[in-house]
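Colleague:
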Amino acid sequence: EAGVVQSPRYKIIEKKQPVAFWCNPISGHNTLYWYRQNLGQGPELLIRYENEEAVDDSQLPKDRFSAERLKGVDSTLKIQPAELGDSAVYLCASSSPGLAGARGETQYFGPGTRLLVL
Amino acid sequence: GNSVTQMEGPVTLSEEAFLTINCTYTATGYPSLFWYVQYPGEGLQLLLKATKADDKGSNKGFEATYRKETTSFHLEKGSVQVSDSAVYFCALTQAGTALIFGKGTTLSVSS
Numbered sequence: 108e109a110g111v112v113q114s115p116r117y118k119i120i121e122k123k124q125p126v127a128f129w130c131n132p133i134s135g136h137n138t139l140y141w142y143r144q145n146l147g148q149g150p151e152l153l154i155r156y157e158n159e160e161a162v163d164d165s166q167l168p169k170d171r172f173s174a175e176r177l178k179g180v181d182s183t184l185k186i187q188p189a190e191l192g193d194s195a196v197y198l199c200a201s202s203s204p205g206l207a208g209a210r211g212e213t214q215y216f217g218p219g220t221r222l223l224v225l
Numbered sequence: 211g212n213s214v215t216q217m218e219g220p221v222t223l224s225e226e227a228f229l230t231i232n233c234t235y236t237a238t239g240y241p242s243l244f245w246y247v248q249y250p251g252e253g254l255q256l257l258l259k260a261t262k263a264d265d266k267g268s269n270k271g272f273e274a275t276y277r278k279e280t281t282s283f284h285l286e287k288g289s290v291q292v293s294d295s296a297v298y299f300c301a302l303t304q305a306g307t308a309l310i311f312g313k314g315t316t317l318s319v320s321s
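Top line first, the protein sequences correspond to chains A and B. According to our numbering, the first sequence is numbered sequentially starting from 108. According to our numbering, the second sequence is numbered sequentially starting from 211.
1. Would you say Gln148/A faces chain B, with C-beta separation under 7 Å as the test?
2. Let me know the beta strand (DSSP E) ranges lying completely inside the region 157-221 of chain A, each 3 residues or longer, listed in chain order.
3. Quick one: what does DSSP say Ser134/A is sitting in, helix, strand or coil?
4. Is the region 255-267 of chain B touching the region 214-228 of chain B, taking contact as three or more C-beta pairs under 8 Å?
5. Across the region 166-177 of chain A and the region 136-155 of chain A, are there enough close Cβ pairs to call them in contact, namely three or more that are closer than 8 Å?
6. For Gln144/A, does the count of other Cβ atoms within 10 angstroms reach 16, so buried, or fall short, so exposed?
7. So what does Val112/A bridge to, in DSSP terms?
8. Quick one: give me the first and last residue of the beta strand (DSSP E) that Phe228/B is part of.
9. Checking contacts by CB at 7 Å: is Gly179/A closer than that to chain B?
10. Along the region 131-156 of chain A, where does the CB come closer than 8 Å to a CB of chain B? Name the residues.
11. Go ahead and pull the three-state DSSP assignment for Ser295/B.
12. Using the Cα positions of Asp265/B and Tyr276/B, report the straight-line distance between them to the nearest angstrom.
13. Name, going along the chain, the residues of the region 276-287 of chain B whose beta-carbon falls closer than 7 Å to a beta-carbon of chain A.
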């Protein structure tokens with residue numbers, strides 16, 4: 108079974124430029140997450156989708172960040188314009204309630220996109 | 211709000227030494243607890259998990275027990291290997307919400 112796929116793996120841009128990240132979750136996983144991981148820190152949630160609905164976007168900086176999951180499968184996260192402080196690793200994860208239900212579900216992470224803003 | 215605190219690293223050990231990485235949490239209700247590992251150049255991988263008090267998660271020789279009375283989920287391994295060198299993250303979630311991570315602990319094992 109294929110894992111969570113993300114692209115690109117690395118991106119270097121100048122500040123004020125736009126950038127987009129793509130994620131394809133594990134097949135059948137209806138919950139998709141975008142996290143941001145700053146250097147030396149744990150990941151922090153940006154947005155969570157249940158199918159195509161964004162159910163938690165409270166931590167998403169909406170003035171410059173946007174995300175979509177139009178068909179409830181793959182997702183795109185966009186930053187426009189990028190700032191120096193956006194340099195980080197952007198992680199996508201997916202999950203699906205199993206027999207344990209939502210309580211025990213495991214989130215599976217992709218390899219991440221490492222963004223460097225110059 | 212919910213939070214996770216784990217011991218700061220780096221932790222430097224010789225091969226075959228005993229490992230403990232402390233993790234404590236603050237949460238309302240009954241969270242599920244996880245340890246994720248991030249090997250150099252790779253993504254986060256689930257190492258083990260526990261979903262209720264007194265559960266013990268185990269994998270690859272690592273163990274952690276969900277202790278509600280001390281709100282802890284310490285990671286242990288009896289004999290570490292060089293290949294265990296990685297960053298270890300303790301995390302919690304409640305009812306399928308996003309994971310809340312600690313800051314991570316870097317483990318370096320030398321032969």
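Think of the CB as a built atom: it goes at the ideal place given N, C-alpha and C, for glycine as much as any other residue.
Modeller: To lay it out plainly:
1. Residue numbering aside, residue 148/A sits at position 41 when the first sequence is read from its first letter. Taking Cβ atoms only, chain B reaches closer than 7 Å to Gln148/A, which makes this a yes.
2. 160-163, 172-175, 182-186 and 195-202
3. Here residue 134/A refers to the residue found at position 27 of the first sequence. Ser134/A: coil per DSSP, three-state reduction.
4. no
5. yes
6. Start at 1 with the first residue of the first sequence, and residue 144/A comes out as number 37. Answer is buried; the Cβ neighbour count reaches 16.
7. Mapped onto the first sequence, residue 112/A falls at position 5. Bridge partners of Val112/A: Asn131/A.
8. As a first step, residue 228/B must be located in the second sequence, where it is residue number 18. Careful: Phe228/B lies outside any beta strand (DSSP E) and carries neither H nor E.
9. Residue 179/A sits at position 72 when you count from the first residue of the first sequence. With 7 Å as the cut-off, Gly179/A does not count as an interface residue toward chain B.
10. Thr138, Tyr140, Tyr142, Gly147, Gln148, Gly149, Pro150, Glu151, Leu152 and Arg155
11. Locating residue 295/B in the second sequence gives position 85, counting from the first residue. In this structure, Ser295/B counts as coil in the three-state DSSP scheme.
12. Indexing the second sequence from 1 puts residue 265/B at position 55. Indexing the second sequence from 1 puts residue 276/B at position 66. The alpha-carbon atoms of Asp265/B and Tyr276/B are separated by roughly 6 Å.
13. none
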